[in-house]
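Count along the sequence shown from 1, then add 569; that gives the number in the numbering used here.
Even glycine gets a Cβ: it sits at the ideal position worked out from N, Cα and C.
Being a predicted model, the structure only gives us computed values, none of them experimental.
This report concerns only the one structure given below.
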Amino acid sequence: MRGPKFLQVLVVLLGVSLAASAQDYRRQFRSAKDFFNDGQYNLAMEAFKPLIVYDKDNPYVEHASFFYALSAYHRGFGSVAKDMLLQIKSLYSNWDQMKEVNYWLARIYFDQRQYFQAMQMLREYPVLLTEMNVTQMKGHYLNQIEDVETLRMMWEEHPEDRVVGKALAKAISRQPYLEQDFQLIDSLVIRFGFEREEFASSLKPVNVYKDKYVVSLLFPFLAKTLEPTLATKVNQSVLDLYLGMKLALDTLAAQGINIELRSYDTERSASATTELLSWEELKSSDLLVGPLFPGQTPVVQEFSINNKINMISPVSSNTSFLGENPFAMLIQPNSETMGERSAELIARRIPNKNCMVFFGEAQKDSVAAASFLAKAKELELNIVWAERVTKDNSADIFTKLATPVEYDEFKNPVEFELKVDSIGSVYVASDDPLIYTKVISAVDTRGDSVIVVGSEAWLNNAAANFETYERLHITMAAPTYTVLSNPNYKTFKQKYVRKHGNLPPELARIGFEFMWFAGRCLKDYGVYFQEGLQSVSFMPGHLFRGYDFRGSRSNLYVPFIHFRSGQLEFLEPLPVN
């Protein structure tokens, strides 16, 4: 029978065995750690692997698991490292180094572009958010995110996080100018105290009201070609526009609106325009007017954006003038708007929803027609025919509209291939007399109830028969039409005749109205008047009918005119604010 002496020996042997085992774990861990410290991560992984298996006698299981994960991470095995770290969180949640586990999980999630999971790992240990290396890590990864909406959502989850706020502000500032949320970036700068200079190009400019505003004209005056004669000048249209603008200054001054009008000759040259824009004095402008030619527009757009100066065209309807420049505006409705409003008019006023469309070769014609067709589809108009008209196929207009198939006893056509009253309207997107005169002639031949919708430019045709216009109820989009009995127009005409000795041409009238509009906007809404304009549903004009800039950088209001009792009149009453 074994006695106490045997038990004593057994205890001693067990103690020796346990001590040896502990010594072995310690030796293994130190060896593995040496591999890790030397950057031999493949050997470190192999050395740590036996130590990550749970054993009640192994005090290194948590550390071994952690360094195994880091070794895997440094070898580029991010998923292996993540799985091991998640296992540590699951099995050893009370380990005193769990903060480090979350840091490395966050880093791995950032690497894998799982940004929200990464931020959640950091949020679990708020103390991490105060550490410099964590701040630098967040900045490194979050600044790589280009999608503003992703950062906006993250900021909503972490509204007090300065790094997230700055990453969002930077992402917004990298967007195309027109897409930037100026209000949000401004609020971020204020909330977190960022340096405004860092985001100066993206911050909304401060609106200013002045006693006197500087308006700079960038026009092709061609001053070197001017001769002191009464003959029509090469640039007569530009001079007419300018004289109308200049005449408006007294009218504005009488209303307490002081404008300093400066003139710069762009000479129809992009290089001359570029040289002008290098002049320091132009940077003091409150409003740039022009240029009038597309080739000069890009350099002025760049100057306008860089110096945050509004630029506006008094005559253009081409949206290329606007580009990506939030400081650019068109006082005229653009071609897209002209097409849309024409479709809306037909849908609103003509019971027969069948419609034909003819448009010319000019780009603005194609744009207006495309816009009309899109809006017509939306309004459920039935487009029975749409055609682009050239010199070669212009005869098709009469063929489509007025090919007779039946005559009366006097050989007058009474029925056509396109049956009488089978369509309600024809929309003509062209100012080319070759096109619209053929449409009018064909509709006149038909003698039915078809309504032709076109443009006020048709009034400038010296050969036009306005009795026919009235008989056929021809309707014209007319954003620049002026009622001759308008008291404002009578005053303008008297001033112009008194000063220049002749009746005001159309462009002088446009120039006067433009300058009145610009002066009123500057007075009422300040240097950056577009925001004020967009808050007003309708702004009555002085000579013209009016303006609507709600949500737009070009005029959305298009009035229509027709003849009645031999006089032109507006088809519909003024909008109600």
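Looking at residue i: is its Cβ nearer than 8 Å to the Cβ of residue j?
{"i": "A912", "j": "F928", "result": "no"}
{"i": "S886", "j": "V783", "result": "no"}
{"i": "H632", "j": "Y610", "result": "no"}
{"i": "F941", "j": "V953", "result": "no"}
{"i": "E1036", "j": "I1130", "result": "no"}
{"i": "T842", "j": "Q865", "result": "yes"}
{"i": "L1148", "j": "F1081", "result": "An answer regarding residue 1148 cannot be provided, because it is not within the stretch 570 to 1146 covered by the chain."}
{"i": "T787", "j": "G859", "result": "According to the sequence as given, residue 787 is Leu; it is not Thr. Yes."}
{"i": "E893", "j": "P745", "result": "yes"}
{"i": "G908", "j": "A1047", "result": "no"}
{"i": "R731", "j": "M706", "result": "no"}
{"i": "I1009", "j": "V958", "result": "no"}
{"i": "L899", "j": "N1124", "result": "yes"}
{"i": "L720", "j": "V703", "result": "no"}
{"i": "N951", "j": "K988", "result": "no"}
State the DSSP-derived secondary structure class of residue i, mapped to helix, strand or coil.
{"i": "I714", "result": "coil"}
{"i": "L720", "result": "helix"}
{"i": "F1139", "result": "strand"}
{"i": "E631", "result": "helix"}
{"i": "V784", "result": "strand"}
{"i": "R1122", "result": "coil"}
{"i": "A916", "result": "helix"}
{"i": "E693", "result": "coil"}
{"i": "N879", "result": "strand"}
{"i": "A1046", "result": "strand"}
{"i": "Y1097", "result": "coil"}
{"i": "D603", "result": "helix"}
{"i": "G1023", "result": "strand"}
{"i": "A998", "result": "strand"}
{"i": "E700", "result": "coil"}
{"i": "N671", "result": "helix"}
{"i": "D615", "result": "The sequence given here has Glu at residue 615, not Asp. Note: E615 maps to helix in three-state DSSP."}
{"i": "G762", "result": "coil"}
{"i": "L576", "result": "Annotation note: pLDDT 42 at L576 (below 50); position unreliable, no value reported."}
{"i": "P1144", "result": "coil"}
{"i": "P982", "result": "strand"}
{"i": "F890", "result": "helix"}
{"i": "V974", "result": "strand"}
{"i": "G1088", "result": "helix"}
{"i": "V581", "result": "Summary for V581: the model assigns pLDDT 35, below 50, so the residue's position carries little reliability; its value from the coordinates is reported in the next sentence. In the structure shown, V581 sits in a helix (DSSP, three-state: H, G or I)."}
{"i": "A588", "result": "Confidence at A588 is low in this model, with a pLDDT of 43, below 50, so its placement is unreliable and the value that follows should be read with caution. A588: helix per DSSP, three-state reduction."}
{"i": "M570", "result": "Residue placement at M570 is poorly supported in this model, since its pLDDT is 47, which falls under 50; the coordinates are not used for a value here."}
Whose C-alpha, out of the options, is nearest the C-alpha of residue i?
{"i": "Y778", "options": "V732, R765, L856", "result": "L856"}
{"i": "M1045", "options": "Q870, Y661, Y1058, S994", "result": "S994"}
{"i": "E986", "options": "A971, Y976, V997", "result": "A971"}
{"i": "Q824", "options": "E1075, M688, W1085, P973", "result": "W1085"}
{"i": "Q597", "options": "L612, F605, L620", "result": "L620"}
{"i": "S882", "options": "S935, Y811, L816, L851", "result": "Y811"}
{"i": "V1127", "options": "T959, L1143, D626", "result": "L1143"}
{"i": "K933", "options": "A897, N921, S963, F890", "result": "F890"}
{"i": "G1095", "options": "E829, V775, N876", "result": "V775"}
{"i": "E726", "options": "K980, L1125, F685", "result": "F685"}
{"i": "A1087", "options": "K735, Y1065, A916, A817", "result": "A817"}
{"i": "Q713", "options": "M880, L698, Q681", "result": "Q681"}
{"i": "K877", "options": "L851, F862, L861", "result": "L851"}
{"i": "A931", "options": "D1001, F605, K946, V622", "result": "D1001"}
Give me the Cβ distance between residue i and residue j, rounded to the nearest whole Å; I'm assuming they're in contact under 8 Å.
{"i": "G813", "j": "R1078", "result": "6 Å"}
{"i": "K781", "j": "N827", "result": "4 Å"}
{"i": "Q1103", "j": "R1119", "result": "6 Å"}
{"i": "F635", "j": "Q666", "result": "7 Å"}
{"i": "F679", "j": "Y710", "result": "4 Å"}
{"i": "V733", "j": "M723", "result": "5 Å"}
Which residues bound the beta strand (DSSP E) around residue i?
{"i": "S935", "result": "Here S935 belongs to no beta strand (DSSP E); instead the alpha helix (DSSP H) covers 932 to 947."}
{"i": "H1131", "result": "1129 to 1133"}
{"i": "V775", "result": "Per DSSP, V775 belongs to no beta strand (DSSP E) and is neither H nor E."}
{"i": "G647", "result": "Unbroken run through G647 is the alpha helix (DSSP H), 647 to 660; no beta strand (DSSP E)."}
{"i": "N951", "result": "951 to 957"}
{"i": "L856", "result": "856 to 858"}
{"i": "Y623", "result": "No beta strand (DSSP E) contains Y623, which DSSP labels as neither H nor E."}
{"i": "S832", "result": "827 to 834"}
{"i": "V926", "result": "923 to 928"}
For the alpha helix (DSSP H) that contains residue i, what are its first and last residues?
{"i": "L524", "result": "No statement about residue 524 is possible, as the shown extent of the chain runs from 570 to 1146 and does not include it."}
{"i": "T968", "result": "965 to 971"}
{"i": "E1036", "result": "1035 to 1040"}
{"i": "D819", "result": "805 to 822"}
Closest Cβ-Cβ distance between residue i and chain B: below 8 Å?
{"i": "Q744", "result": "Protein chain content of the structure displayed is limited to a single chain, and chain B is not contained in it."}
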